[in-house]
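Following: one structure in structure tokens, then a few remarks.
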């Protein structure tokens, strides 16, 4: 373990560590453009030049490996002059169109210039003109004038997505980042290009001009697009209601987690945020009163209807003719609340979570998983494991279609991606009391006796288990849309009406109870899960081998 | 003197003095704005116009009246609605009542009947005025209390404290005057000031009681609750007892202020500046110290005397305005210090010295 | 430029002299001062009234609606949005003014333009003059010199709160004072016309 | 005077195998193949033969850096991408004596145990490529190259790779990238090519001139060769002289020959009897020397001592009529054009300096421009991945420093001080005089 001294702080790091990484461990941030921890090293921006004792020239911190007794200085006059020079060079041909640039506010060129720039310009020459605002793919806009040729994006398409759409063409200051002729950048991870670009050369077409980044509040969350469970940040515009078309969630960004998704996320997940505030969100409970059509109702009416109708129906046809479908897009807490109320409280035996495979699921070597349910693993543990009968969704729908089920609860949106509207209509036509708890309006809510609007994962706290069993926590990013309510609250209210015991109303307490009841989660709390999540299956494997 | 004549004379005198007070009070609302403007290099209210005539903003008096009468009369949520309505009436009523004993002239003879130019020649006129002014504080106190507002109440309490403090000085300074003129009747006091001192100087109170005059003036202004003694109002601090008043009820408080101002001017005139006396003017005309005389008809003499009274009162109104727009407001502790530690001892000393001198001369 | 002397509060609060503490002479001096103003001004007013035009006015004030105070060229008056030579707004909807505005009175919605040299323009640009504190930060912050406070309009009024919200068309239509000259703009009138 | 590499130049058909053989080429192969490879390396180290492409790194030591125990194949890459303005020596070797080059390659490959050599030749060099390819074909036909070199148990294949004309591909790592078929961008070092070069295998990259001297090292023995030159600068050197001299051309002279002697004795003095103004001693990237500084011995160490460099030994002579700012523009424009665009200081700095010089020449200069040029050049210097940044920065620093009055005069007057044509004359194939 070489010992390296950076700015008078000493640290032992493993051999093969670069100076920039060692400095980061010491809390010293060395400015960089081309260096990206998820990509190979280019060493071309020269922004990370540092002074190393005994070296005649400044060295780039990103490609200098530490050696025993190395002494590095990052704040000497020479380094400061070099940084100023590099920034001056980068800005020599960079247009100063920050006002229209969407990167403004999270632009490394702006940030480092504010921090290290020399401020008095000596540039009198005209700037070079290159291509402006050029859509190079469905999600990415290229402005090659703003490009500082750090080649991060080129390395991304070469090394991560392995689609090789981008290249740097021409020589000298005429060098220009362009897509290869005749190629559009439409790989399934193209949104990451906007993330890796340190400046405004590659921007997200979807996010462009919707809202300025400094109005965004960031919430740590976990993508629910598939069972990978990529760590994400939800960026919500809570401060300026007139921006972003009046919507709150403006974009999703990947959050680094070396165990799950690294620095990346797929486009399908990235643009799934539109679901949160889409037009078809169920904003209000719907109730079908006897002898009338479906009507909008308030919560008191809706819950009393659920109470009356279900009590009446079960009293008439019995618990045996009742079933629950809880799809695995629900969080662990929500699934546990379902189990607590329906399985343990109401003694309904037929509770299903296992759905058929998603016909549209895609799997690749990088991130995407064919199982498009976020919490299949958790559902198996919470709903599946204690279940004696363990029916599948398929069998329950069959039974319903055959007229054997009179009461059916459908919790979660999962069915819609597996069955067509016609099939569902056919299967559910004999169910007399259909209670749906859904985030969006759909054929299910149309058929429902009572349809209750539920929050999406952006609007509530919770945990999910990804396909490897890693328990990850997501935070509430925005208030519930419309009159929708968290499932936990709804079930507590229903339980109170039925005088049954329910799971706690708050996700955190609910998880505590879950941890006490399900072996897999034992000993876990939200604070232990932390930002990066934990994988209890590995823990048990570790203890088993020990 | 026939009873009808007497009643007619009384009604006439009452109408005169009330009209005098009210119209001068109305005028003062304009004077206050205009005088302050001229003092401060401004122009002042000049916008109200009738048919394009502006008359230096004189129509603002009418405009203000119209505004006062037509504005919403907001009554706060108080259990004392009646008292709330009564308070401004009390204020203005007692202020006006004091004028009953102010002599505005000597007397005129109509149809052989001598009629004193004074609504009521009460032989304890001074006490009457004291009584009225003391009662007037009820208007303020009741307004503050009935408004059901902390600030109003605070204003009322301040007003009470202030009035009680300064009434003592107010009374004690007049003790000197009473000792000199040996009477409590205001008409008598005025007549007594008709003589000459050292043969040329009118024997006005101010020359006999210079310190008394200053103390009286100070205490009197304090009694009117105007700057620099406007602690009960204190618009930058608590707004004061009329905080919850609007419309003409507020207008009445305002008006009572001006009436009191006129009253103070009248009292100063009466006690210290010879009331209706014109220097060297006797009942038959002018008799100058150097011996020459101008004979005059009684009516002319009386007219001059009434005019003299009006002019003197007007001057003191102006002077009070000048003070009001010149001096800054006292702090409450300063007010109390001034009242109890300076004015009271000084007025006591004044009374003592006067008494000694009167006794010495009398011996 | 003389040096600036720093005066402590304790130093400023000097000890009063005996005559000052007696207060009466000071009262007298004050009364003399104000009375002098009163009589001098009254004399000048009277001269004017009788047609004698004294060079010295009796009042330092402006007779506002008829006579207006000259405006400093730097005076911050009602905002306007500057235009490009082709009439489109210079504003590129960068939200700098909206961000810096301490009164939160600016609301901009951006939209994309096909022209790659412009890229972005305001779809709507509202200033709530009722909330504006006329600090001028928006003008300072604007990187495009698009928002300016040089209309010379200071009389701003409307019959409703909504009327105080100026939209992009109004802001673009306002001329700078240099073009308008001294001709007064009845702003309320303009608002009502719309 | 002793000539080694240029000995056969001037002989008719010297490029053919027959003529070459008759003049002694390939005579040293026998001797070399009989030696142990380590002994050859030892000899070359002893000879003080330095890298003659410009960097001057001792050739033998470079060979000794090859990892001894690597299972990967080893390669020799011959750098014939002679792009340095003012330098034409490699071209002459390739045109007139390609077999000498092949002989050097055979000996070197044997010494470093390589069985494949690449000759990377600048794209514009039509005739040299033709001659080298012809020579290889001849050698192969004659059994000199192939599975058994000259009948010995040593296989060697030589491949000619034609570059696309980028100056940067003269830099060894970008040459390797180019050779691998990629964009010619310099690599980050370490690893050096000796460890990871062509296709990540151990590779020696040597200049054509260097390799052409190898047979003579073998022939004379290392020590004898070293004695020809000055201390630590072994042997002879080919100097390309161009510019305002009476006899421009290539001159093979011992290392350490004084510059004055080269200009006045060998190249025939300044043309038209004019005064000497300045000399570029070692290719365009070498800092300029004023007329007062030309008594310097032309070897790596002596020139380094006075702040210049021998580089590729391309001597460009300016007489008094030459305008320094105008000449600097030619150089700056060249480097801006040839910058690969990979790293920031070089990409932006070279272009920026060009624009400033152009602006000065256009009569729009500012008084701060001279300082600004030096400042920008200093910011480029040493901060780049490859030496091209230094090559672009050094002339700007030295020219502006040494001829500052001329720049300032131009800035002040807004027009040229003297209207002279730009001096970097191209030494054409026909005009060259082999001496």
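Chains as they are written, first to last, in the working numbering: chain C, 739 to 1284; chain E, 2 to 364; chain P, 299 to 492; chain X, 608 to 1042. We put the CB at the ideal spot given by N, CA and C, even for glycine.
At a cut-off of 9 Å between C-beta atoms, residue 835 of chain C does not count as an interface residue with respect to chain X. Of the candidates X:993, X:960, X:966 and X:965, the residue whose Cα lies closest to the Cα of residue 981 of chain X is X:960.
At a cut-off of 9 Å between beta-carbon atoms, residue 393 of chain P makes contact with chain C. DSSP places residue 653 of chain X in the helix class (H, G or I) of the three-state scheme.
Residue 817 of chain C counts as buried, since no fewer than 16 other beta carbons sit within 10 angstroms of its beta carbon. When 7 Å is used as the limit between beta carbons, residue 332 of chain P is near these residues of chain E: 40, 323, 326 and 327, in chain order.
At a cut-off of 9 Å between C-beta atoms, residue 810 of chain C does not count as an interface residue with respect to chain X.
Taking C-beta atoms under 8 Å as the contact rule, residue 380 of chain P and residue 444 of chain P qualify, at a distance of about 5 Å. In the three-state reduction of the DSSP assignment, residue 313 of chain P falls in the coil class, being assigned neither a helical nor a strand state. Taking 9 Å as the cut-off, the beta carbon of residue 150 of chain E is found closer than this to the beta carbon of residue 245 of chain E. In the assembly as shown, residue 67 of chain E is an exposed residue. Its beta-carbon has fewer than 16 other beta-carbons within 10 Å.
In chain order, 710, 714, 822, 823, 825 and 826 place their CB closer than 8 Å to the CB of residue 635 of chain X, counting only its own chain and leaving out the 5 sequence neighbours on each side. Against chain P, a Cβ distance below 8 Å from residue 36 of chain E picks out 336.
Around the beta-carbon of residue 1208 of chain C, 16 or more other beta-carbon atoms lie within 10 Å, marking it buried. Short of 8 Å from the beta carbon of residue 62 of chain E, and not among the five residues preceding or following it, lie these beta carbons of its own chain, in chain order: 27, 28, 30 and 31. Identification of chain X residues near residue 801 of chain C by a Cβ-Cβ cut-off of 8 Å yields 795, ordered along the chain.
Inter-residue distance for residue 398 of chain P and residue 392 of chain P is about 11 Å (C-alpha atoms, whole angstroms).
Residue contact with chain C for residue 397 of chain P: present (Cβ-Cβ distance below 9 Å to some residue of chain C). The Cβ neighbour count for residue 230 of chain E, taken over all protein chains shown within 10 Å, is at least 16; the residue is labelled buried. If you check the CB distance, residue 361 of chain P and residue 44 of chain E come in under 9 Å. Less than 9 Å separates the beta-carbon of residue 684 of chain X from that of residue 811 of chain X. In the DSSP assignment, residue 168 of chain E falls within the unbroken alpha helix (DSSP H) covering 151-182. Ranked by Cα distance from residue 875 of chain X, the first of X:970, X:736, X:757 and X:849 is X:849. Taking 8 Å as the cut-off between beta carbons, none of the residues of the segment 849-871 of chain X comes near chain C. Closest in C-alpha terms to residue 200 of chain E, from the list E:280, E:101, E:331 and E:170, comes E:280. In the DSSP assignment, residue 812 of chain C falls outside any alpha helix (DSSP H) and carries neither an H nor an E.
Chain order gives no chain P residues near residue 228 of chain E, where near means a beta carbon separation below 9 Å; the closest approach is about 12 Å. Rounded to the nearest angstrom, the gap between the Cα atoms of residue 939 of chain C and residue 933 of chain C is 11 Å.
For residue 222 of chain E, not one C-beta of chain P is nearer than 9 Å to its own C-beta.
By the neighbour-count criterion, in which a residue is buried when 16 or more other Cβ atoms sit within 10 angstroms of its Cβ, residue 218 of chain E is buried. At least one beta carbon of chain X lies nearer than 9 Å to the beta carbon of residue 824 of chain C.
Residue 427 of chain P is outside the set of residues whose beta carbon lies under 9 Å from a beta carbon in chain C. In terms of Cβ geometry, residue 452 of chain P and residue 478 of chain P do not form a close pair [threshold 9 Å]. DSSP lists C:973 as the bridge partner or partners of residue 956 of chain C.
The beta-carbon of residue 401 of chain P is placed no less than 9 Å from the nearest beta-carbon of chain C. Apart from sequence neighbours up to five positions away, the residues of its chain that approach residue 610 of chain X with a beta-carbon distance below 8 Å are 843 and 859, ordered along the chain.
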